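Numbering of the sequence shown is given in our numbering, commencing with residue 12 and proceeding in unit increments.
Built from N, CA and C at the ideal position, the CB exists for glycine as well.
A quick note: this is a predicted structure, and the numbers were derived from the prediction, not measured.
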Amino acid sequence: MNKPDLVLLHGALGAQEQFAPLLPLLEPHFRLHTLDFEGHGHAPMSGEPFALDRFVQSVCELLDAEGISDANLFGYSKGGYVGCALALAHPDRVRRLATLGTKYGWTQEDAQRETGFLVPSKMAEKIPQFVELLRERHVASGWEAVVERSAEFMWALADSGGITKERVSGLEMPVRVMVGDRDRTASVPESMELARALPKGELEVLPATPHPFERVPLQRLATSLHEFFAQP
Numbered sequence: 012m013n014k015p016d017l018v019l020l021h022g023a024l025g026a027q028e029q030f031a032p033l034l035p036l037l038e039p040h041f042r043l044h045t046l047d048f049e050g051h052g053h054a055p056m057s058g059e060p061f062a063l064d065r066f067v068q069s070v071c072e073l074l075d076a077e078g079i080s081d082a083n084l085f086g087y088s089k090g091g092y093v094g095c096a097l098a099l100a101h102p103d104r105v106r107r108l109a110t111l112g113t114k115y116g117w118t119q120e121d122a123q124r125e126t127g128f129l130v131p132s133k134m135a136e137k138i139p140q141f142v143e144l145l146r147e148r149h150v151a152s153g154w155e156a157v158v159e160r161s162a163e164f165m166w167a168l169a170d171s172g173g174i175t176k177e178r179v180s181g182l183e184m185p186v187r188v189m190v191g192d193r194d195r196t197a198s199v200p201e202s203m204e205l206a207r208a209l210p211k212g213e214l215e216v217l218p219a220t221p222h223p224f225e226r227v228p229l230q231r232l233a234t235s236l237h238e239f240f241a242q243p
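What follows is the structure in structure tokens.
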């Protein structure tokens with residue numbers, strides 16, 4: 012029996028390497044595919060600001076390269092936003108979509124709050140251990156450039172208003188919106204509102220779970236993804 016294809020999409024400041032602890036839990040059930048978004052990890056930076064349409068295009072290019080017409084998508088944080096944008100632009104390419112810790116709606120106040128600490132000099136002073144992790148992760152472009160462009164990207168999302176419940180109301184594929192009960196980036200009420208707007212949406216709240224992927228209960232996440240994507 013052929014395993015279904017599952018594409019894993021990482022978050023802002025992340026890279027595909029973040030999924031390394033999760034992969035062994037999913038490999039028995041799926042053909043797994045990962046990528047580094049432009050400028051992240053080992054992927055080179057273009058001369059343009061980060062753009063949602065290029066993130067979406069990179070996923071489509073991965074599918075094309077693997078000869079995959081449609082696939083299941085799991086996106087963490089920004090990866091979930093990219094996955095939802097892909098589903099809106101190319102619904103025929105997405106069987107099912109699951110997101111975790113994804114903030115869909117963006118306002119100017121949201122961007123101000125989320126980018127307030129995305130200043131390389133401030134980060135180097137306040138969180139040097141995390142900065143060292145970013146330095147090791149983003150070898151292609153340098154962590155400072157990734158941080159600065161990620162902040163610009165969040166402001167661009169705020170200018171666009173983000174992905175609203177009105178926009179997702181036409182999505183026909185099943186979508187599972189997952190959020191940690193201690194997530195301060197993607198709130199439970201906002202996630203619930205979006206899940207209810209989806210024709211085939213559902214909400215799952217992970218207990219005792221904050222936003223950082225490194226603190227997500229991976230066995231529970233893997234079990235949820237297997238259960239969700241195994242459905243016809």
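DSSP-derived helix/strand/coil call for residue i
{"i": "Phe-164", "result": "helix"}
{"i": "Thr-126", "result": "helix"}
{"i": "Leu-99", "result": "helix"}
{"i": "Tyr-115", "result": "coil"}
{"i": "Arg-187", "result": "strand"}
{"i": "Ala-26", "result": "coil"}
{"i": "Leu-145", "result": "helix"}
{"i": "His-237", "result": "helix"}
{"i": "Val-216", "result": "strand"}
{"i": "Gly-94", "result": "helix"}
{"i": "Phe-66", "result": "helix"}
{"i": "Asp-16", "result": "strand"}
{"i": "Leu-205", "result": "helix"}
{"i": "Phe-85", "result": "strand"}
{"i": "Val-227", "result": "coil"}
{"i": "Leu-43", "result": "strand"}
{"i": "Leu-108", "result": "strand"}
7 Å CB neighbourhood of residue i in its chain, flanking five on each side removed
{"i": "Phe-239", "result": "Arg-107, Ala-109 and Arg-187"}
{"i": "Leu-29", "result": "Per the sequence presented here, residue 29 reads as Gln, with Leu not at that position. The residues are His-21 and Phe-224."}
{"i": "Gly-127", "result": "none"}
With 16 other Cβ atoms within 10 Å as the buried cut-off, status of residue i
{"i": "Asp-16", "result": "buried"}
{"i": "Glu-49", "result": "buried"}
{"i": "Val-245", "result": "Examination of residue 245 is not possible in this model, given that the chain is present from 12 through 243 alone."}
{"i": "Glu-125", "result": "buried"}
{"i": "Lys-315", "result": "Within the shown structure, residues of the chain are numbered from 12 to 243, placing residue 315 beyond reach of any answer."}
{"i": "Leu-14", "result": "For the record, residue 14 in the displayed sequence is Lys; it is not Leu. Exposed, because fewer than 16 other Cβ atoms sit within 10 Å of the Cβ of Lys-14."}
{"i": "Gly-78", "result": "exposed"}
{"i": "Arg-104", "result": "buried"}
{"i": "Ser-171", "result": "exposed"}
{"i": "Val-179", "result": "buried"}
{"i": "Asp-194", "result": "buried"}
{"i": "Val-150", "result": "exposed"}
{"i": "Arg-146", "result": "exposed"}
{"i": "Glu-120", "result": "exposed"}
{"i": "Gln-27", "result": "buried"}
{"i": "Arg-148", "result": "buried"}
{"i": "Glu-201", "result": "buried"}
{"i": "Arg-226", "result": "exposed"}
{"i": "Ala-98", "result": "buried"}
Integer Cβ distance of residue i from residue j, believed to fall under 8 Å
{"i": "Val-157", "j": "Leu-73", "result": "So it is not a contact: roughly 20 Å between Cβ atoms."}
{"i": "Ser-80", "j": "Leu-46", "result": "Their Cβ separation, rounded to whole angstroms, is 18 Å, which puts Ser-80 and Leu-46 out of contact at 8 Å."}
{"i": "Ala-233", "j": "Leu-33", "result": "6 Å"}
{"i": "Glu-215", "j": "Ser-198", "result": "With a Cβ gap of about 14 Å, Glu-215 and Ser-198 do not count as contacting."}
{"i": "Tyr-92", "j": "Ile-174", "result": "7 Å"}
{"i": "Leu-217", "j": "Arg-207", "result": "Going by Cβ atoms, the distance from Leu-217 to Arg-207 rounds to 18 Å, so no, they are not a contact pair."}
Close Cβ partners of residue i (< 8 Å) along its chain, the five nearest in sequence each way excluded
{"i": "Arg-65", "result": "Glu-49, Ser-57 and Glu-59"}
{"i": "Glu-163", "result": "Pro-60 and Phe-61"}
Beta-carbon contacts of residue i that lie in its chain and below 6 Å, excluding the five residues immediately before and after
{"i": "His-237", "result": "His-40"}
{"i": "Arg-42", "result": "Lys-14 and Asp-16"}
Residue-chain proximity (residue i, chain C), Cβ-Cβ < 8 Å
{"i": "Val-150", "result": "The structure shown contains no chain C; it holds only a single protein chain."}
Distance cut-off 7 Å: residue i Cβ against heavy atoms of the ligand GTP
{"i": "Gln-230", "result": "The ligand GTP is not among the ligands present in this structure, which contains no ligands whatsoever."}
> Touch check for the stretch 134-141 and the stretch 177-190: three-plus C-beta pairs under 8 Å?
Replying inline: no
>> Does the stretch 113-130 come into contact with the stretch 51-63, if we say contact requires no fewer than three beta-carbon pairs (one atom in each stretch) closer than 8 Å?
In response: no
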